[in-house]
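Shown next, in structure tokens, is the structure this report addresses.
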Amino acid sequence: MPYSMTGFGYATKDFEDYEITVRAKSVNNKGIDISIKGPRDILFFMDIDIRNIVKSFFERGSFQIFINIKYRQPKIFMDIENLKLAVDTVKKIMEELNLKPSDDKIYELASGISSETQEQVLDEKLKKDIISVVEEACRALKEERKKEGEKLVEDIKKRLGIIEETVLKIEKEKEEILKKAKEKITERVKELLGENYSERAFIEATLLADKMDITEEIVRLKSHIKRFNELILLDEPVGRKLDFLCQEMLREINTMGTKMPWFSQYTVEMKTQLEKIRQQVQNIE
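Quick note on our numbering: the sequence shown kicks off at 413 and runs consecutively.
This is the structure in structure tokens:
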């Protein structure tokens, strides 16, 4: 069953050093548009990754992704081996430059190098944790969009049913109306031509009445309704296809109304229901 493009997803997860919360919101859009808000230092490195995650879950919609990270407390991570290596590196550089810094200065420089090395490891872990929570939020959003999609489909099916019933009424009544129309045209032609009325004039009048026949439009409209009902049962993005079908259905209904104005009450009802269906379709992925 198709998914709605409107929904909200939420995910939060506790880790050893921090808590990550992700909120994902989506509304309808012709394509896919993604806005991400969160810590700048995180988004600088992860913007593309997060966008790719969203695209892996969805094909259409305008998305807002909010990322929040709460650190439990400031910590100093110290790796003794990295620190020793950094001290040796600093001493070697100082000797090459003929500099004799104090032990405190060597430690300051070495600890900075060691922290940067350790930070790279922590960032990679943080990145994986963020990705996992973003994916969880997207799954929650997808589930919400599915529920909304089910509601949309139920409403669409109800309105399609009204259109289908109206088409059947037209189909049932059209032959009698067409017959009366032919009789009126023939009588009118006789009145206008008087003694000049001929078999040829009768044929022309009949051909004129035949142009009012809406059998082809009814067949095509019923075919579109059938296809519509098939598409709304598919578990895949069908929003664009449904929108196209709405346009085709409107074309047939307008033609029917033009050819047979006697059915204006029916065509107005069908157009009213179709417009409401199209509004719902705009929100289907």
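Yeah, the Cβ is synthetic: ideal placement off N, Cα and C, and Gly gets one too.
| Check | Outcome |
| --- | --- |
| Assign K634 to one of three DSSP states: helix, strand, or coil. | helix |
| Tell me which same chain residues have a C-beta within less than 7 Å of the C-beta of G561, skipping the five on either side of it? | M413, P414, Y415, S416, I696 |
| When burial is assigned at 16 or more other CB atoms within 10 Å of the CB, is L619 buried or exposed? | exposed |
| Go ahead and pull the three-state DSSP assignment for R435. | strand |
| Grab me the residues of R557's own chain with a C-beta within less than 6 Å of its C-beta, minus the 5 sequence neighbours each way, in chain order. | Y415, S416, G419 |
| Contact between the stretch 574-594 and the stretch 430-444: three or more CB pairs below 8 Å? | no |
| Assess contact between the stretch 668-681 and the stretch 455-474, defined as three or more Cβ pairs (one per stretch) separated by less than 8 Å. Is contact present? | no |
| Please report the residue range of the alpha helix (DSSP H) in which T424 lies. | From DSSP, T424 is part of no alpha helix (DSSP H) but of the beta strand (DSSP E) over 419-426. |
| Pairs of beta-carbons, one from the stretch 662-671 and one from the stretch 535-549, closer than 8 Å: are there three or more? | no |
| Hey, G421 and I444: beta-carbon distance below 8 Å or not? | no |
| For I542, is the classification buried or exposed, using 16 other Cβ atoms within 10 angstroms of its Cβ as the cut-off for buried? | buried |
| For a test of the three-state rule: what should DSSP assign to S676, helix, strand or coil? | helix |
| Reducing DSSP to helix, strand and coil, say where S416 ends up. | strand |
| If we call anything under 8 Å between Cβ atoms a contact, is I432 one with V545? | yes |
| Counting only the same chain and skipping the five closest in sequence on each side, list residues whose C-beta sits under 8 Å from that of K581. | Y678 |
| Is DSSP giving S474 helix, strand or coil here? | strand |
| Are the stretch 639-646 and the stretch 565-583 in contact at 8 Å, needing three or more beta carbon pairs? | yes |
| According to DSSP, simplified to helix, strand and coil, what is D445? | strand |
| Here's the rule I'm using: 16 or more other beta-carbon atoms within 10 Å means buried, otherwise exposed. How should Q685 be labelled? | buried |
| Is the CB of L645 under 8 Å away from at least one CB in chain D? | No chain D appears in this structure, which consists of one protein chain only. |
| Can you name the start and end residues of the alpha helix (DSSP H) that K671 belongs to? | 651-671 |
| Sort out for me which residues DSSP pairs N480 with in a bridge. | T433 |
| Using the C-alpha atoms, what's the distance from I481 back to I518? | 34 Å |
| So, with DSSP's three-state summary, where would you put I626? | coil |
| Below 8 Å between beta carbons: does that hold for V693 and L646? | no |
| Pull the bridge partners of I696 from the DSSP assignment, please. | S416 |
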